[in-house]
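In the UniProt record's numbering, the protein residues as written are 1 to 122.
Have a look at the structure below before the remarks.
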């Protein structure tokens, strides 16, 4: 656990708060970049029949205190069924894979640290 002692002087406290807000914005932006990248990779692996599934992809970034959470998914009701590796299906698209979202995120996960470093350098 890191402890930071902040003096009660108005100027120092405000500058520290501004710094925290700045870092929060940068990390949020890095998470958004990662989700866009992961979503694009998952879209390559997503099976396409009527394009409803691929067009239902969503991304959200939530900031709760010091935790930044990125969430990516599909809002189509049958997305979990298509994603399930136990269900046998024949895909028309040659790049389509089972667990398309999981594989897309796993392949782009090494880029997350790079995106955070790039955003904090700005």
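For glycine and all other residues, C-beta sits at the position ideal for the given N, C-alpha and C.
Computed from a predicted structure; not experimentally measured.
Under DSSP, residue 74 forms a beta bridge with 57.
In this structure, residue 53 lies near residue 79, with their beta-carbon atoms less than 8 Å apart. Inter-segment contact for the stretch 40-47 and the stretch 87-106 is present: three or more beta-carbon pairs are separated by less than 8 Å. Restricted to the stretch 4-52, the alpha helix (DSSP H) segments that are unbroken, complete and at least 4 residues in length are 10-45, listed in chain order. Rounded to whole angstroms, the Cβ separation of residue 38 and residue 72 is 6 Å, and the two are in contact under 8 Å. Less than 8 Å separates the beta-carbon of residue 34 from that of residue 70. Closest in alpha carbon position to residue 74, among 40, 56, 23, 36, is 56.
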